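Have a look at the structure below before the remarks.
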Ligand SMILES: [Zn+2]
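Numbering (the numbering used here), first residue to last: 38 to 350.
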């Protein structure tokens, strides 16, 4: 797109090069998994309701609280094998109904939206994987083919039906999120109905059956804002396990400019020039985006520089 800048997309949260090899070929090998679980270098963390314990490290970072398996809460099931790092350390998440109590002063529970901003790439990737599996496991306990209760298999990556033999795999819902610009290189931002005053962001929506992702971008922008879109360029993706999405980020070029919001998803949508957005950030009329969403990175890509320091939405 003609943003007139060499500014590239900034680091997208939850997508870092974690160095973790998922080693999926081990998931069906119960003997290997049992040996890996009890190996002294293996590290385990508990995931519960989308949260895990995080802690500050002596060198000023934030890390997942991980223990060897023998210190982990007992469980027969719900061990998710997440992979192996370059040093051969194996990582498991243990799904429990609650997080273990900790006596440490600084260890605290955190969900991915918070932890994703604090953790290093490896831990953020491990937690993203674990939370996505937990979300799917918790809501897919029964066979969608015959209704029988299903059982966990493949170290958390399959649910099997003992009655009809069906194998069910984790679900990922594709969604698009797009920075739409017009011929004057203005950016279209929208406000959803229930968002606080001043919060604007890029438009987004789910891919429907039978659609290409480019068609979804055009359909969603027209449905939500009444704006027609021509050229569509894929930029980057982001796992978004809230509960099961994969966000596909785009730059999109509008071929019309009249805005007509649907009033259902969007309350308001506006075109901003860079100068207008810079001024709106300054006056507080528009709040700089915060959080882990790829939305901020897409807006920056057009804006041409990092956005002002975000405040919590
Ligand atoms: Zn079944």
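Glycine included, C-beta positions come from ideal geometry on N, C-alpha and C. Everything numeric in this text was worked out from a predicted model, so none of it was measured.
Taking buried to mean at least 16 other C-beta atoms within 10 Å of its own C-beta, is residue i buried or exposed?
{"i": "residue 335", "result": "buried"}
{"i": "residue 90", "result": "buried"}
{"i": "residue 326", "result": "buried"}
{"i": "residue 340", "result": "buried"}
{"i": "residue 58", "result": "exposed"}
{"i": "residue 333", "result": "buried"}
{"i": "residue 111", "result": "exposed"}
{"i": "residue 56", "result": "exposed"}
{"i": "residue 349", "result": "With a pLDDT of only 42 at residue 349, under the threshold of 50, the placement of this residue in the model should not be trusted; the figure read from the coordinates follows. Residue 349 should be labelled exposed."}
{"i": "residue 62", "result": "exposed"}
{"i": "residue 166", "result": "buried"}
{"i": "residue 97", "result": "exposed"}
{"i": "residue 231", "result": "exposed"}
{"i": "residue 79", "result": "buried"}
{"i": "residue 292", "result": "exposed"}
{"i": "residue 51", "result": "buried"}
{"i": "residue 239", "result": "buried"}
{"i": "residue 243", "result": "exposed"}
{"i": "residue 183", "result": "exposed"}
{"i": "residue 134", "result": "exposed"}
{"i": "residue 39", "result": "No answer about residue 39 holds up, because its pLDDT of 45 lies below 50 and its placement is not dependable."}
{"i": "residue 346", "result": "exposed"}
{"i": "residue 41", "result": "In this prediction, residue 41 has a pLDDT of 45, which is less than 50 and means its spatial position is unreliable; what the coordinates show is noted afterwards. Looking at its Cβ environment, which holds fewer than 16 other Cβ atoms inside 10 Å, residue 41 is exposed."}
{"i": "residue 171", "result": "buried"}
{"i": "residue 330", "result": "buried"}
Is any heavy atom of ligand 1 found at a distance shorter than 7 Å from the C-beta of residue i?
{"i": "residue 185", "result": "yes"}
{"i": "residue 182", "result": "yes"}
{"i": "residue 200", "result": "yes"}
{"i": "residue 203", "result": "yes"}
Can you check DSSP and say which residues form a bridge with residue i?
{"i": "residue 270", "result": "288"}
{"i": "residue 306", "result": "227"}
{"i": "residue 83", "result": "131"}
{"i": "residue 275", "result": "284"}
{"i": "residue 58", "result": "121"}
{"i": "residue 240", "result": "215"}
{"i": "residue 189", "result": "196"}
{"i": "residue 179", "result": "186"}
Cβ of residue i versus every heavy atom of ligand 3: is any distance shorter than 7 Å?
{"i": "residue 108", "result": "Inclusion of ligand 3 in the displayed structure is not the case, the ligand content consisting of ligand 1 alone."}
Would you say residue i lies against chain D (beta-carbon separation less than 8 Å)?
{"i": "residue 98", "result": "No chain D is part of this structure, which consists of one protein chain only."}
Worksheet entry | Contained alpha helix (DSSP H) runs [length at least 4] in the region 88-158, N- to C-terminal order | 149-155
Fill in: Complete runs of the beta strand (DSSP E) confined to the region 192-234 [at least 3 residues]
195-197, 210-218 and 224-229
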